[in-house]
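Asker: So the protein lines, in turn, are chains A and B. Every letter in the first sequence is one number past the one before it in numbering that gives the first Met the number 0, and letter 368, counting from 1, is 367. Every letter in the second sequence is one number past the one before it in numbering that gives the first Met the number 0, and letter 70, counting from 1, is 69.
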Amino acid sequence: MTAASLSAAVRSGERSALAVVDEHLAAIEAREDQIHAFNLVTAEAARSVAAAIDQRVEAGEDPGPLAGVPIALKDNLCTRGVATTCSSRILDGWRPPYDATVVQRLADAGAVMVGKTNLDEFAMGSSTENSAFGPTRNPHDTSRVPGGSSGGSAAAVAAGFSPLALGSDTGGSIRQPAALCGVVGVKPTYGLVSRYGLIAFASSLDQIGPFATTVDDAAMVLEVIGGHDPADSTSIPRAVPPVRRHLTDGVAGLRVGVVTELSGEGIAPDVARRVNEAAEVLAAAGAEVAEASVPAAVYGLSAYYLIAPAEASSNLARYDGVRYGLRVDAATTPEMNLATRTAGFGDEVKRRIMLGTYALSAGYYDAYYGKAQKVRTLIIRDFTAAYQRFDVLLSPTSPTTAFPLGDKTADPLTMYLNDVCTIPSNLSGDPAMSVPFGTGDDGLPVGVQVLAPSLGEIDMFRTAAVLEAAAVREEVTS
Amino acid sequence: MSAPISRDEVAHVADLARLQLADDELDHFTEQLAAVLEHARDVGALDVTGVEPTAHPYPLANVFRPDEVRPTLDRDEVLTEAPSAEDAMFRVPPVLGETP
Chain A
0 MTAASLSAAV RSGERSALAV VDEHLAAIEA REDQIHAFNL VTAEAARSVA
50 AAIDQRVEAG EDPGPLAGVP IALKDNLCTR GVATTCSSRI LDGWRPPYDA
100 TVVQRLADAG AVMVGKTNLD EFAMGSSTEN SAFGPTRNPH DTSRVPGGSS
150 GGSAAAVAAG FSPLALGSDT GGSIRQPAAL CGVVGVKPTY GLVSRYGLIA
200 FASSLDQIGP FATTVDDAAM VLEVIGGHDP ADSTSIPRAV PPVRRHLTDG
250 VAGLRVGVVT ELSGEGIAPD VARRVNEAAE VLAAAGAEVA EASVPAAVYG
300 LSAYYLIAPA EASSNLARYD GVRYGLRVDA ATTPEMNLAT RTAGFGDEVK
350 RRIMLGTYAL SAGYYDAYYG KAQKVRTLII RDFTAAYQRF DVLLSPTSPT
400 TAFPLGDKTA DPLTMYLNDV CTIPSNLSGD PAMSVPFGTG DDGLPVGVQV
450 LAPSLGEIDM FRTAAVLEAA AVREEVTS
Chain B
0 MSAPISRDEV AHVADLARLQ LADDELDHFT EQLAAVLEHA RDVGALDVTG
50 VEPTAHPYPL ANVFRPDEVR PTLDRDEVLT EAPSAEDAMF RVPPVLGETP
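Right, dumping it as structure tokens:
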């Protein structure tokens, strides 16, 4: 069932929130052993929150738009008093002393947290294999990865553990796992959703967003978590666009560009075919579809893998064994810092810290970090030019469908190539989302990415809704 | 073209980042970091003369608010989560090697 129908049933008193939560906890109980979507299932707390919602409904109150809807939260979102690990040993045993703004807003809207989901350590990865607590598996085929880094959140929604989840997206970490797991995943405009309480990876790129089984559910969550937050100085001081109201507007007259640079080399033929079909669907629905060019997008991957590690090396300096999490004892503080970080971080995190430290170090700053920042400007310019001709852009979300576990772990660069289509939107700060659109030759889900200019969420969601309707029709007829 | 990063440079960077690497790790990481930096050569080769750098997608400016006393995080709650605390402070081993 969708979040929209569940909350309607709970608000009207037709179903109890407790029964809804119990049903989802039972689904988790039945299959979590095979999937490992969660680092922690908060069953007891979820039941007591649900019971409180039921009491409010009985008392004639409205608990909010997400009343009684179970939601899974990526384990890099701070939850007061509830272990938050980033799937890293370095935060071992830490319970945050505050809630992230999004966590508070979800609670205020009546949503019920059922657990904290697995991720690539500190959100660094594209397969959820870099977790200190073991990999998450794709519910459609447990020999395959769910994508990453928000793989636990995507898998939780795909497996029916919760109709909703939150993830974070720094280079595609919501959209790519959404594509691989066959669910909707949204990276909103940078600054539209407060990052207060999201544990930082790369601060100029990180953005929180929803996973859902439908475009409408994703829109509903965005409207709850979005909007200005004084606690995040990069939060845009305006209200979230009313996306839900425009979901049925259709795409007649909308100008849609298929990004040529993200559709050719390196994209699997079965995925490319689905993107073409998506473009045809939009054209048939009245959109003006043409080829779009974002030439600098091809440099996005290289720029990202200098900028994101550079910011990460700075952000992750705070894990020094002094204030929270792991401490490995040693005779002096510098030795304790070294021993703690060496024992606490996994290999991918160490790789990126070193890469970032190198890119920022004297003698290399201009050649690497400085140059990457200028490439970022070029990418923004090219998008700005493209959005003068088009309202939204279209591309694959991921170059392939879900790949087998262990397939790409030996070669970091091969793993990084998964993010080639998703990274440009993080560099530009623009919104983008993945919509399930049929399957590949292997029968696994394919996601189509809809990109929009800054704060262009309404057009993005309108387009996604048309694609969703067509994809659903296809599943029904096939 | 020379390798984009040497074993000694990786050792130096690890030291700066407060990470200790065993010999075999050093070899392994040097190879992997070199591959990523090799890929980044396309950016290095790009002519970006006259292009301004972008540090952030959002036009950052100082955000001001009235200077009012407001509640902060609960001190005890924060210190409870620290690896070691004493007298309302974080406790650490000697910083300069002296005995406390």
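Ideal Cβ placement from N, Cα and C applies to all residues, glycine included. No experiment lies behind these values; they were computed from the predicted model shown.
So does the stretch 433–452 of chain A actually touch the stretch 314–331 of chain A, counting three or more Cβ pairs closer than 8 Å?
Answerer: In short, these stretches do not touch, since the Cβ pair count stays below three.
Asker: Ends of the alpha helix (DSSP H) at V48(A)?
Answerer: It spans 42–57 - the alpha helix (DSSP H) in which V48(A) sits, taken as one unbroken run.
Asker: Using a Cβ-Cβ cut-off of 8 Å, state whether R46(A) counts as contacting chain B.
Answerer: Closer than 8 Å: no.
Asker: Which value, in whole angstroms, describes the spacing of the CA atoms of P423(A) and A164(A)?
Answerer: Those two C-alpha atoms are separated by around 24 Å.
Asker: Taking its Cβ as the centre, do 16 or more other Cβ atoms sit within 10 Å of M219(A), making it buried, or is it exposed?
Answerer: It is buried - the Cβ of M219(A) has at least 16 other Cβ atoms within 10 Å.
Asker: Apply the 10 Å Cβ neighbour rule to E290(A) and answer buried if 16 or more other Cβ atoms are within range, or exposed otherwise.
Answerer: Label assigned to E290(A): exposed.
Asker: Measuring alpha carbon to alpha carbon, tell me which of L221(A), T332(A), T396(A) ends up nearest F460(A).
Answerer: Minimum Cα distance to F460(A) is reached at L221(A).
Asker: Scan the stretch 352–384 of chain A for residues whose Cβ lies nearer than 8 Å to a Cβ of chain B and list them as they occur along the chain.
Answerer: Those residues of the stretch 352–384 of chain A that come within reach of chain B (Cβ to Cβ, closer than 8 Å) are I352, M353, L354, T356, Y357, S360, A366, Y367, G369, K370, A371, Q372, K373, V374, R375, T376, L377, I379.
Asker: Please state whether the Cβ-Cβ distance between G147(A) and P187(A) is less than 8 Å.
Answerer: For G147(A) and P187(A), no; Cβs fall outside 8 Å.
Asker: Using a 10 Å radius around the Cβ and a threshold of 16 neighbouring Cβ atoms, would you call V471(A) buried or exposed?
Answerer: That one is exposed.
Asker: Within 10 angstroms of its Cβ, does S301(A) collect 16 or more other Cβ (buried), or is it exposed?
Answerer: Burial call: buried.
Asker: Go to G391(A), then tell me how far its beta strand (DSSP E) extends in each direction, as first and last residue.
Answerer: With the sequence shown as reference, residue 391(A) is identified as Val, and Gly is not the correct amino acid for it. Unbroken beta strand (DSSP E) run through V391(A): 391–395.
Asker: Using only the alpha-carbon positions, how far apart do L118(A) and P52(B) sit?
Answerer: About 31 Å.
Asker: Which whole-angstrom value is the C-beta distance of A217(A) and P209(A), which I expect to be below 8 Å?
Answerer: A217(A) to P209(A), Cβ: 5 Å. Contact.
Asker: Beta-carbon within less than 6 Å of S126(A)'s beta-carbon, same chain only, minus the 5 sequence neighbours each way: which residues are those?
Answerer: The residues are V144, G147.
Asker: Using a cut-off of 7 Å between C-beta atoms, extract the partners of L412(A) located in chain B.
Answerer: Near L412(A) (Cβ distances below 7 Å), the residues of chain B are A34, V35, H38.
Asker: Going along chain A in order, which residues have a C-beta closer than 8 Å to the C-beta of P65(B)?
Answerer: The contacting residues do not exist; P65(B) stays about 11 Å from chain A at best.
Asker: Checking 8 Å against the spacing of the C-beta atoms, do Y189(A) and Y304(A) come in under that value?
Answerer: It is not a contact, given that the beta carbons lie outside the stated cut-off.
Asker: Taking only three categories from DSSP, how would you classify D140(A)?
Answerer: Looking at D140(A) - three-state DSSP - the assignment turns out to be strand.
Asker: Hey, would you say T356(A) sits closer than 8 Å to V12(B), going by beta carbons?
Answerer: Result yes, Cβ atoms of T356(A) and V12(B) sit closer than 8 Å.
Asker: Excluding sequence positions up to five away, which residues of its chain have a Cβ less than 6 Å from the Cβ of A16(A)?
Answerer: Hits under 6 Å: V9, A49, I52, D53, G67.
Asker: D86(B) touches chain A at which residues, Cβ-Cβ below 9 Å?
Answerer: Those within 9 Å of D86(B) in chain A number zero; the least Cβ separation is about 15 Å.
Asker: Determine, using beta-carbon pairs with one atom in the stretch 106–118 of chain A and one in the stretch 329–349 of chain A, whether at least three such pairs fall under 8 Å.
Answerer: No contact exists between the stretch 106–118 of chain A and the stretch 329–349 of chain A.
Asker: Nearest by alpha-carbon distance to R194(A): which of Q206(A), V185(A), V183(A), G184(A) is it?
Answerer: The shortest C-alpha separation from R194(A) is found at Q206(A).
Asker: Should P64(A) and V293(A) be called a contact, given that it needs their Cβ atoms to be closer than 8 Å?
Answerer: Against a cut-off of 8 Å, the Cβ pair of V293(A) and P64(A) comes out as no contact.
Asker: In chain B, which residues lie with their C-beta within 8 Å of the C-beta of V321(A)?
Answerer: Those within 8 Å of V321(A) in chain B are A81, P82, F89, V91.
Asker: May I have the straight-line CA-CA distance separating M0(B) from C85(A), to the nearest angstrom?
Answerer: With a pLDDT of only 47 at M0(B), under the threshold of 50, the placement of this residue in the model should not be trusted, and no figure is reported.
Asker: Return the chain-ordered list of same chain residues with a C-beta closer than 6 Å to the C-beta of F89(B), the five sequence neighbours on each side being excluded.
Answerer: Once the five neighbours on either side are set aside, the close Cβ partners of F89(B) are A81.
Asker: With a cut-off of 8 Å, do at least 3 Cβ pairs link the stretch 35–50 of chain A to the stretch 152–164 of chain A?
Answerer: Contact between the stretch 35–50 of chain A and the stretch 152–164 of chain A is present, because at least three Cβ pairs lie under 8 Å.
Asker: Using a cut-off of 8 Å between C-beta atoms, extract the partners of L337(A) located in chain B.
Answerer: Chain B residues near L337(A): R17, L18, Q19.
Asker: Hey, would you say V391(A) sits closer than 8 Å to G455(A), going by beta carbons?
Answerer: Against a cut-off of 8 Å, the Cβ pair of G455(A) and V391(A) comes out as a contact.
Asker: Could you tell me the boundaries of the alpha helix (DSSP H) in which L377(A) lies?
Answerer: It spans 370–388 - the alpha helix (DSSP H) in which L377(A) sits, taken as one unbroken run.
Asker: Cutting at 8 Å between CB atoms, please list the residues of its own chain near A16(B), excluding the five before and the five after it.
Answerer: So the list is empty, once near-sequence residues are dropped.
Asker: List the residues of chain B that R194(A) touches, going by C-beta distances under 8 Å, in chain order.
Answerer: By Cβ distance, chain B contributes nothing, its closest Cβ being about 11 Å from R194(A), past 8 Å.
Asker: By the criterion of Cβ-Cβ separation under 7 Å, what are the contact partners of A13(B) in chain A?
Answerer: M353, listed in chain order.
Asker: Name the two residues that bound the continuous beta strand (DSSP E) containing E260(A).
Answerer: From DSSP, E260(A) is part of no beta strand (DSSP E); its letter is neither H nor E.
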